[in-house]
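Counting the sequence shown from 1 gives a position; the working numbering is that position plus 13.
One structure is given below, encoded as structure tokens.
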Amino acid sequence: MTDDSLTAAIESATAALGKTSGPRKRSGVPTFAIVALVVALAWRFCSLATNEKAGEPCWEACGHKAGACAFCGTEGICKSVGRRKSECVVAPAPPLLPSLVAMLPPAPALSMLPPAPALALLLPVLLLAALSSPLAVVKLLFILAKTPYYALRSIAAFLAPSLFYKSVAGEVTIVTGGAGGIGKLVAQRLCTHGSSVVLLDKDGAALDRAVVDVRAAAAANAKCFTVECDLSDREATYIAMRRAQELAGPCTLLINNAGIVTGKKLLDGSDKLQELTMAVNATAHFWTVKSVLPAMIEANHGHIVTIASSAGMLGVAGLADYCASKAAALRFDESIRLEMRKMGKTGVHTTVVCPFFIKTGMFDGVQAKWPRLLPLLEPEWAADKIVSAIRCNQWELLMPRILHIVPVLRGLLPLPICADLAEWFGVLDTMDDFKGRAPAQA
Ligand SMILES: NC(=O)c1ccc[n+]([C@@H]2O[C@H](COP(=O)([O-])OP(=O)(O)OC[C@H]3O[C@@H](n4cnc5c(N)ncnc54)[C@H](O)[C@@H]3O)[C@@H](O)[C@H]2O)c1
């Protein structure tokens, strides 16, 4: 045995014995206290289970003459067997328990311990404390205790979002894919609220039309600029992002919206278009975000918005490349948010948007199987929701709300059932009649 392996063996042995010489030093006292508490709780259970003789009314057998059932603590009706007081019968104790309990001295203090339902909650907590550390469990409980606050907050934000709105006046916004569709509609709204906007797109002619539309919706002198750029080209993207910030100032609100779809099954699509889908829908986000994030971090002020898709939340037949790119965009957003959290940059926000199909033309031909349950979205409505989510610093926007059920079902149900449900929702056939923007996809 080498010196190193001997040292490692000694360290692990002493750590196992509770002599905390290893790097993960922990006091043995809390663990001992937990074990003692667990034993005490078990004792309490034993006492409860054996204080009464099987078949006899428990309030008589256990000496609780006042009338409360010692087993379930209920006055009058025993919950454990659901009978009336006069019939309350306690289940017989396992044969080992009476002899164990007989060896224990009477413990009046234990009768003050909480009743069985509370213990059922307490035991997992104690187990968790033994597996991690008591302090970690306290922190965990503190985190969980905040749930009602955030639940109430999101209900309030749903009912009256304007209560939570931040101003976007004076912000400098860059919208990729801003020459049409959702990008242009969002730009119009932000410009109307006083933000300077740069539309960045590969389609020069559409950009010229879009800037006129944005100014018409906001004000003739609204600060709206255009930069032509193909986002699948990394160097061109860096240059375009620099140019955009020279025109309008340092970007404080970036909307990664540009996107394409091939709409073909994996084996029918060309390699080139599939690579392009990943490049525009996902990889370009790296370059645009890297162009603006350092200044946002320094000022501790900024907002990155990712327009992903419901197709990033689950697979769709005929959309493998698109789904892959949108799933990448979803997790990219989450990672940036966590990086900001780690750095303590509470002023740099992120929002990811996952819409179902929107009637912009991008998915022309696609039909919803159950339109009354899951309808195609109107572009104007979707743009309003996106701007509202940005102004609330909302982390995630799923449109329509029924999409929130997707992760819940995937977490709760067996995967074959999820696949059946997806088929029932039309996920296998939804792309059958896809036409899309024909010339752009060629
Ligand atoms: N329309 C939908 O049903 C739907 C559903 C979910 C998510 N989305 C997403 O919403 C976003 C906007 O979609 P839309 O419906 O407004 O689409 P759209 O086709 O109307 O607009 C997309 C814009 O991106 C631009 N663009 C495409 N490739 C580019 C490139 N290489 N460089 C620069 N610009 C490029 C296009 O010129 C166009 O102006 C996309 O990311 C899309 O994936 C759309």
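Built from N, CA and C at the ideal position, the CB exists for glycine as well.
Just so you know, these numbers come straight off a predicted model, no measurement behind them.
- Secondary structure of D346 (DSSP, three-state): helix.
- Within a 10 Å sphere around the beta-carbon of A295 sit 16 or more other beta-carbons, which makes this residue buried.
- Note that the C-beta distance between A271 and V305 is not below 8 Å.
- Between V379 and D442, the C-beta gap is not smaller than 8 Å, which leaves the two residues out of contact.
- Remark: three or more beta-carbon pairs, one from each stretch, lie closer than 8 Å, so the stretch 205-216 and the stretch 234-241 are flagged as touching.
- Among the bridge pairs identified by DSSP, N269 is matched with T319.
- Distances from the CA of T239 to each of A231, L280, I415 and V188 were compared; the closest alpha carbon is that of V188.
- Taking all protein chains in view, the Cβ of R202 is crowded by 16 or more other Cβ atoms within 10 Å, so the residue is classified as buried.
- Between H316 and the set N406, S401, A249 and L157, the nearest pair of CA atoms involves N406.
- Around A396, the same chain offers I195, L198, V199 and R202 as residues with beta carbons nearer than 7 Å, after the five sequence neighbours per side are excluded.
- Residue environment for N269: buried (at least 16 other C-beta atoms within 10 angstroms of its C-beta).
- Annotation for V210: the continuous beta strand (DSSP E) segment containing it runs S209 to D214.
- E409 has V365 as its beta-bridge partners, per DSSP.
- In this structure, DSSP gives F299 a helical state, which the three-state scheme calls helix.
- In the structure shown, the three-state DSSP call for E393 is helix.
- Residue range P147 to A158 is occupied by the alpha helix (DSSP H) that includes V151.
- For G328, the Cβ stays outside the 7 Å cut-off from all heavy atoms of ligand 1.
- Cα atoms of G217 and E241: separation of roughly 6 Å, rounded to the nearest angstrom.
- Distance from the Cα of R344 is smallest, within the candidate group T363, T359 and G331, for T363.
- Scanning Y335, Y163 and L387 for the CA closest to the CA of W437 turns up L387.
- Counted as a single uninterrupted DSSP element, the beta strand (DSSP E) harbouring I187 occupies residues V185 to T189.
- Beta-bridge analysis with DSSP links I371 to L390.
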